[in-house]
Amino acid sequence: LGAAGLGGLAGCGRLPERAGELLAGAAPLPEPFTVPLPIPEVARPVSPGRYEVTQRVAAVEILPGLRTEVWGYGGAFPGPTFELRRGTPVTITVRNELPVPTSTHLHGGVTPPDSDGYPTDLVVPAGHSSHHSHPGEVLHPVTKDYRYPVEQRAATLWYHDHRMDFTAPQVWRGLAGMALVRDDEEDALPLPGGERELPLMICDRSFDEDGSFRYPDGGHHGGAALDAEYLEGVEGDVILVNGAPWPVAEVSATRHRLRLLNASNARRYRLRLSPGGRFTQIGSDSGLLAAPVAHDELPISPGERYDVVVDFSAYPVGTAVTLVNTLADGPAGNVMRFVVTSRGRDDSAVPPVLSRPPDRPRPVATRTFDFRRTDDAWTINGLRYRPGAPLARPRLGTAEVWRLTGDFHHPVHVHLAHFQVLARNGRPPAATDAGWKDTVDVRPYEVVDVLARFDGHRGLYMLHCHNLEHEDMAMMADFEVI
Ligand code: C2O
Ligand code: CU
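Residues 18 to 499, numbered by full-length UniProt numbering, are exactly what the sequence shown covers, in order.
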């Protein structure tokens with residue numbers, strides 16, 4: 018599927034029919050744990066505080082011997098990792114050389130509204146003419162400067178496309194990368210770093226025989242019947258870490274810091290180490306925890322992150338330590354492998370006190386958001402997304418209890434605001450819910466209370482389901498910080 022063949026996606030808002038779909042076979046898949054783990058390049062500024070990144074079509078080798086067309090930041094999938102520093106604002110100029118409009122969201126960023134990746138705040142390619150425009154749409158020809166104040170704690174963030182109605186297919190094609198915020202508080206800790214700090218972007222994809230990404234025709238924009246695969250969210254049968262299928266990394270028998278991100282459209286994972294082992298969690302979505310928490314397994318839904326340390330000195334040299342996903346059988350039950358190849362000197366430690374996260378403020382209001390399916394869409398409080406029609410107007414500098422519930426697994430993400438999970442079904446949250454977060458998995462018919470603080474900026478932001486197909490099928494709402 019070449020760039021030219023995506024013309025239908027570019028403007029008219031109807032996913033093109035793909036005649037080849039029925040005939041498509043499956044691509045030959047590699048043996049798991051044979052492809053080396055790639056580490057995305059770190060973005061280099063063009064001048065202090067300024068970056069430029071071009072979104073473009075590129076052909077990359079994901080499955081050995083085959084070419085896959087990706088839409089990538091910098092032509093790469095994942096895109097480059099942005100290393101940001103608290104207190105040092107940056108401007109990132111995004112240049113769009115793709116055949117479609119885009120909008121870039123820094124997920125977890127405390128970002129002014131005009132740089133937050135609002136779905137109708139679009140960077141459009143040269144010569145673009147909009148066939149289906151949304152009220153209030155803003156079109157930036159070819160480039161846009163995104164300004165990030167980076168006045169937030171050290172945290173594992175990521176960025177991805179957020180175009181109205183098309184986030185899912187555009188992220189599937191590769192428009193995502195990681196961003197790490199660092200600060201003095203974190204620098205003072207003896208955590209593993211350098212080569213012993215690994216960003217791990219986990220996502221699933223399917224491939225056609227020729228190596229191209231396979232994405233189903235959803236029909237949700239054209240009013241055709243929604244197919245079940247599309248409706249629940251699209252899952253792939255190949256698990257990628259940093260864009261490589263079931264990769265392998267050689268490690269010394271020392272502590273390593275893993276920045277785990279679930280960048281999948283819809284797949285949830287429950288991560289474990291085989292033949293056993295522990296994750297020492299040091300950070301959540303929005304930064305370091307007050308103190309480390311040990312887990313045997315980590316449930317991770319789309320959009321969530323865990324910052325963990327794994328001590329490979331617990332294994333004899335020669336051990337293969339597999340990161341597995343206990344929610345899936347078969348190939349999707351494997352994620353990647355670490356092979357402990359040597360002893361190593363290790364000066365790192367996980368201290369018992371990590372940071373002083375902000376205290377829990379007292380809430381001034383309680384609101385309910387109900388994530389539910391109707392006949393032809395996924396809705397919040399019975400409403401399909403309508404840009405510019407906020408469902409809530411929290412006040413800057415206050416905190417509110419948001420009660421999140423629904424009819425299915427909905428990983429709920431709130432822009433701008435960070436929150437703590439207070440309760441699940443009126444009971445204390447799980448150990449893995451610790452810390453300040455921006456995404457929480459709301460399980461079917463569960464009621465999850467979170468305490469959200471609205472700091473940093475006034476303006477229009479979104480909350481939505483981070484199952485990206487649900488998001489595209491209208492499961493999003495605006496709120497306005499006043
Ligand atoms: Cu990561 Cu509004 O999304
Ligand atoms: Cu959902």
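Using N, Cα and C, we set each Cβ at its ideal position, and we do this for glycine too.
Does the contact criterion of 3 or more C-beta pairs under 8 Å hold for the stretch 87-96 versus the stretch 290-302? Segments in contact, no.
Residues whose Cβ lies closer than 5 Å to any heavy atom of the ligand CU, in chain order: Taken from the N-terminal end onward, the list reads His427, Cys482, Asn484, His487.
In or out: Val381 buried (at least 16 other Cβ within 10 Å) or exposed? Exposed is the label assigned to Val381, since fewer than 16 other Cβ atoms lie within 10 Å of its Cβ.
Quick one: what does DSSP say Ala491 is sitting in, helix, strand or coil? For Ala491, the three-state secondary structure derived from DSSP is coil.
On the criterion of 16 or more Cβ atoms from any shown chain inside 10 Å, does Ala43 qualify as buried, or is it exposed? Here Ala43 is exposed. Its C-beta has fewer than 16 other C-beta atoms within 10 Å.
With distance defined between alpha-carbon atoms, name the residue in Tyr462, Lys161, Tyr165, Arg390 nearest to Glu100. Nearest of Tyr462, Lys161, Tyr165, Arg390 to Glu100, Cα basis: Tyr165.
Beta-carbon contacts of Glu488 that lie in its chain and below 6 Å, excluding the five residues immediately before and after: Cβ within range, chain order: Thr184, His481, Cys482.
So, Val341 versus Ser281, is the Cβ gap smaller than 8 Å? No, the pair does not count as a contact, with Cβ atoms beyond the cut-off.
Simplified DSSP state of His481, which is helix, strand or coil: Strand at His481.
Note down, in chain order, each residue of its chain lying with its Cβ closer than 8 Å to the Cβ of Val141, except the 5 sequence neighbours on either side. Excluding five sequence positions before and after Val141, the CB atoms of its chain that fall closer than 8 Å to its own CB belong to Asn113, Pro118, Ser147, Leu156, His157, Pro158, Val159, given in chain order.
Say the cut is 7 Å; is the CB of Met218 nearer than that to a heavy atom of the ligand C2O? Not under cutoff, so the answer is no.
State the Cα-Cα distance for the pair Leu32 and Pro129, rounded to the nearest angstrom. In this prediction, Leu32 scores a pLDDT of 36, lower than 50, which makes its location untrustworthy; no coordinate-derived value is stated.
Nearest neighbour of Leu277, chosen from Gly194, Val465, Thr271 [CA to CA]: Comparing Cα-Cα distances from Leu277 to each of Gly194, Val465, Thr271, the minimum goes to Gly194.
In whole angstroms, what is the alpha-carbon distance linking His179 and Asp133? The C-alpha of Asp133 is placed about 9 Å away from the C-alpha of His179.
Check this for me: beta carbons of Glu203 and Gly104, under 8 Å apart or not? Pairing Glu203 with Gly104 gives a Cβ-Cβ distance that is not under 8 Å.
What three-state label does DSSP hand Ala245 in the structure shown? Helix at Ala245.
From Leu206 to Asp393, what does the alpha carbon distance come to, in whole angstroms? Straight-line Cα distance between these residues: approximately 50 Å.
Kindly indicate the opening and closing residues of the beta strand (DSSP E) around Ala416. Counting along the chain, the beta strand (DSSP E) containing Ala416 begins and ends at 416-423.
Going by the C-beta, is Met479 closer than 7 Å to any heavy atom of the ligand C2O? The beta carbon of Met479 sits closer than 7 Å to at least one heavy atom of the ligand C2O.
Shortest alpha-carbon distance to Val77 belongs to which of Pro262, Gly211, Ser150, Asp313? Nearest C-alpha to Val77: Pro262.
Nearest residue (CA-CA) to Val59, options Asp472, Val70, Arg460: Checked all of Asp472, Val70, Arg460; the closest Cα to Val59 is Val70.
Between the beta-carbon of Asp313 and the beta-carbon of Arg289, is there less than 8 Å? Closer than 8 Å, so yes.
Report the option in Tyr402, Glu252, Lys161, Ser150 whose CA atom is closest to the CA atom of Pro186. Considering only alpha carbons, the answer is Glu252.
Would you please state the rounded distance, in angstroms, between the beta carbons of Val467 and Val498? I believe it to be under 8 Å. Cβ atoms of Val467 and Val498 stay farther apart than 8 Å, at about 16 Å.
Go ahead and label Tyr332 buried or exposed: buried means 16 or more other beta carbons lie within 10 angstroms of its beta carbon, across all protein chains shown. So Tyr332 ends up on the buried side.
DSSP has residue 505 in a bridge; who is on the other side? Not covered by the structure: residue 505. The range shown for the chain is 18 to 499.
Report yes or no: do the stretch 372-379 and the stretch 338-358 share at least 3 C-beta pairs separated by less than 8 Å? With a cut-off of 8 Å, the stretch 338-358 and the stretch 372-379 do not count as touching, because too few Cβ pairs lie within range.
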